[in-house]
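Down below is the structure, laid out as C-alpha cells.
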Amino acid sequence: MIFNSLSFAIFLPIVLIFYYLSAKRYQNWILLIAGYIFYGVWDIRFLYLVSLSTVLDFCTGLMIANGRMTISQRLAPSCHLLGFALFFLVPDWRAVRFQGMSLGSIDWVRLLAPTSFGLKVLALSALGVAVANIAYPYVIKHMPEKTKRLFFLRCSLIGQLGMLGVFKYYNFFVAEAEACAKSVGFDVPSMHLDIILPIGISFYTFQTLSYVCDVYWGKMQPVSRLRDFALFAAYFPPLVAGPIERASHLIPRILGDRRISFESICQGAYLILLGLVKKMAIADGLAGSVSSIYNTTGDVGWLDIVTATVAFAIQIYCDFSGYSDIACGVSLWFGIELLKNFDQPYFSLNPSEFWRRWHISLSTWLRDYLYIPLGGNRGSEIMTYRNLMLTMVLGGLWHGAAWNFLLWGGYQGAMLIIHRLYVGSKPKEFAGSLLLRLPRMVFFFVFICYGWLLFRAASFDQINTFTQILIGDLSDMSLHMKIPPLSALLGIFILSSIEVYQFKTKNIHFYAGFPAFAHGGVYALLIFLFIMGLSNDSQQFIYFQF
C-alpha cells in the first residue's frame, strides 16, 4: 500500500475512526493491526519477516538487559512467530489479484492449499521456538553475565544482517562470483535464488537493530511487552521508507500519553499535502523527462545530461522527502511526532552539511552505529579517513546491491575526506545571508548532481560515456530531453519559494506567522498543485526498492 493510492485514501480514514473512538488502552492495538494490514497488502507472506525481526530483537533486548525473561515474555514471542508463519502457507495473493482473474476463474482449492515451502517455514519456526525454549534454562544457569550480553547482541546482529543479506545482497554477490569464476575458465552451476526483495526491509531491520545496540550500551531500558515493541517495529507511517526511527525517540511516544490538538491536525494536513505535491506533481512529473535520457539507447548531448541530472536531483529529493513528509503528517494525526528526515539539503555548502540535511535518520544511524564504533575521529587522521570511507561505502551498499551504489558511496566518502582535509576537523558554519550563500550553494550543487549521475546510471558504461561528454564534448548542445509537464515546473517554483521561507524561518511550518486568511491560501495552493499532479503517470516511490 502506498501513500498516493486509492487504497490508502480508504485505509487511513478507517484507521483514524477506530483510533479516535477507541479507549487509550486499545489505541496501540489499533495502530499495530493497521501496521500489519498496511504491510500485508503488498504481500502477506512477508509479514513473517517483520515478525521474525520483531521477536528476535524483543527477546535479545530483554536478555541483554535483564539476563532472563518471564514466562509471558517467552510465550508471547513464540505464539507471535508461529502465528505469522501461518501466512507463509498460502501462495502470493497479490500476484493472483493482479493477473486479471475473475472470482469464477480462480482455482480456490489450489489457492487455499498449503504450499510445501510454507510448511517448511512453519516447521522450522516451530523447531526454532522449541530449541530456544529448551535452551533457555541452560543459558540462565550456566552462561556468565558478560558472555550472555555479548552472545545475544551477536544473535541480533547475525539474525538481522543475515536476513537483510540473504534477501538483498545474496544474488548480487553470487552473480559476481559466478561471473569471476567463468572469466577464468571455471564452469560453475548457478546458485541464484528465486526470491524478491521484501519492501522496507532495510528500514525496519536498521530500526530494530538500533534498539538492541542502545540496550547493550545502556542508553535505554528494554521494552517489557511484546505489543509495544511490535508497534515500534511495525508502526505504519515510517514502516517501508522511513524515517528510520530511534527507539529512544519513538518508544516513549508509544508508551506515553498522546494528545491531538487542532494545531497538530492542521500541521499534519500541511505535511501530507506538501508530500503529495512533491511526489505527484513534481517527482512523478519529472520521471518521464529523466528516463528519456537515462533510459535511452540513442545519442545524448551535454545539455541533455546536465538537464536530466538536475531533474533527477529534484525528482529523488521530492520523491523521498515527499514520502517522509506524508509519513510525518499522518503520524501527527495519531499524536506521534516522527524524526525530521530532510532539512533543505540543496542549500548545503559542503558535503558535511549536506549529510546533516539529507536523509538525516540514515546519516545519523550510520554515524552512531557504524562510524563511531569503528573509531570515528578518535584515532589518527588516516584512521578517520578510513572510517569515513568505509561508512559511506556501506551506506551506498545499503541503498542497493549494485556497483553504482558502491561507487556513489565511495564518491560521497571521498568528498567528505577532501572537505575534512581542506577545512580541518571543526569546520566553521557560514553565517551569511541566503543571497551570500548562493554562489557556494550552486558550486557544491554541481558536485551533488554528479553523485546523482552515479546513483541513477544504469551501468558503468553509461557512467563512463556521460562523464566523458560532460568533461570534453560540448559539440551537441541541443536538448532532446522530454519537457516536464506544467505541474512539475510550477511545483518546482512553488516548492523553491516554500523552502526559502523554511530556511529563513528555521521552521517547516513557515506560514505560522502569516495572517489567518493566508493559511487557507497556502492550503489552497497545495491542493491546486495536487490536483494538477493527478494527471501525471503514477510512479512507485524510488526508495521502496531499498
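Residue numbers for the sequence shown follow our numbering, beginning at 65 and rising by one. By construction, the Cβ of each residue, glycine as well, lies at the ideal position given by its N, Cα and C atoms.
- [ ] Count the other C-beta atoms from every protein chain shown that fall within 10 angstroms of the C-beta of Lys232, then say buried if there are 16 or more, exposed otherwise.
- [x] buried
Task: Reference Pro141, options Asn130, Gly131, Val114, closest by Cα - done: Val114
- [ ] Classify Gly226 as helix, strand or coil using the three-state DSSP reduction.
- [x] helix
Open item on the list: Taking 7 Å as the limit between beta carbons, can you name the residues of its chain near Ala552, skipping five residues before and five after?
Closed with: Correct list, in chain order: Ala345, Ile346, Gly349, Leu350.
Task: Stretch-stretch touch, CB-based, cutoff 8 Å, three pairs: the region 575-587 with the region 403-415 - done: no
Open item on the list: Using only the alpha-carbon positions, how far apart do Ser416 and Tyr103 sit?
Closed with: 35 Å
Open item on the list: Beta-carbon within less than 8 Å of Glu401's beta-carbon, same chain only, minus the 5 sequence neighbours each way: which residues are those?
Closed with: Arg317, Cys392, Ser395
Task: Same chain only: Cβ atoms within 6 Å of Leu314, ignoring 5 sequence neighbours per side - done: Phe296
- [ ] Taking all protein chains shown into account, decide if Ile446 is buried (16 or more other Cβ within 10 angstroms of its Cβ) or exposed.
- [x] exposed
Open item on the list: Using the three-state DSSP reduction, which class does Asn571 fall into: helix, strand or coil?
Closed with: coil
TODO: Give the C-beta separation of Gly125 and Tyr275 to the nearest angstrom, bearing in mind that I take them to be a contact with Cβ-Cβ under 8 Å.
DONE: 6 Å
Task: Pairwise C-alpha distance: Leu498 and Tyr435 - done: 32 Å
Task: contact_flag[the region 329-343, the region 520-527] where n(CB pairs < 8 Å) is 3 or more - done: no
Task: Euclidean distance between Cα positions of Ala98 and Phe592 - done: 30 Å
Task: Beta-carbon spacing of Met547, Ser353 below 8 Å - done: Rather than Met, the amino acid found at residue 547 in this sequence is Ile. Yes, they are a contact pair.
Open item on the list: Helix, strand or coil, according to DSSP, for Glu417 in the structure here?
Closed with: Glu417 falls in the helix class under three-state DSSP.
Task: Exposed unless 16 or more other CB atoms sit within 10 angstroms - verdict on Gly282 - done: exposed
Open item on the list: To the nearest angstrom, how far is the alpha carbon of Val370 from that of Asn414?
Closed with: 20 Å
Open item on the list: Rounded to whole angstroms, what is the Cα-Cα separation between His144 and Pro549?
Closed with: 48 Å
Open item on the list: At the level of alpha carbons, what is the spacing between Asn451 and Leu485?
Closed with: 14 Å
Open item on the list: For Leu517 and Phe181, what's the separation of their Cα atoms in angstroms?
Closed with: 41 Å
TODO: Can you give me the start and stop residues for the alpha helix (DSSP H) that Leu120 sits inside?
DONE: 111-130
Task: Inter-residue Cα distance where the pair is Phe376 and Phe267 - done: 23 Å
Task: Own chain, CB closer than 6 Å to Met127, minus 5 neighbours either side, in chain order - done: Contacts found: Phe216.
TODO: For Gly474, collect the residues of the same chain with a Cβ closer than 6 Å to its Cβ; drop the 5 residues on either side in sequence, then sort them by chain order.
DONE: Excluding positions up to five away in sequence, the list reads Val457.
- [ ] Go ahead and label Tyr83 buried or exposed: buried means 16 or more other beta carbons lie within 10 angstroms of its beta carbon, across all protein chains shown.
- [x] Here Tyr83 is buried: its Cβ has 16 or more other Cβ atoms, across all protein chains shown, within 10 Å.
TODO: Can you tell me which of the three DSSP states Asn235 falls into?
DONE: helix
- [ ] Consult DSSP for Pro437 and reduce its assignment to one of helix, strand or coil.
- [x] helix
Open item on the list: Check for me: the alpha helix (DSSP H) holding Tyr514 runs from which residue to which?
Closed with: 498-520
Open item on the list: According to DSSP, is Pro141 part of a helix, a strand, or is it coil?
Closed with: helix
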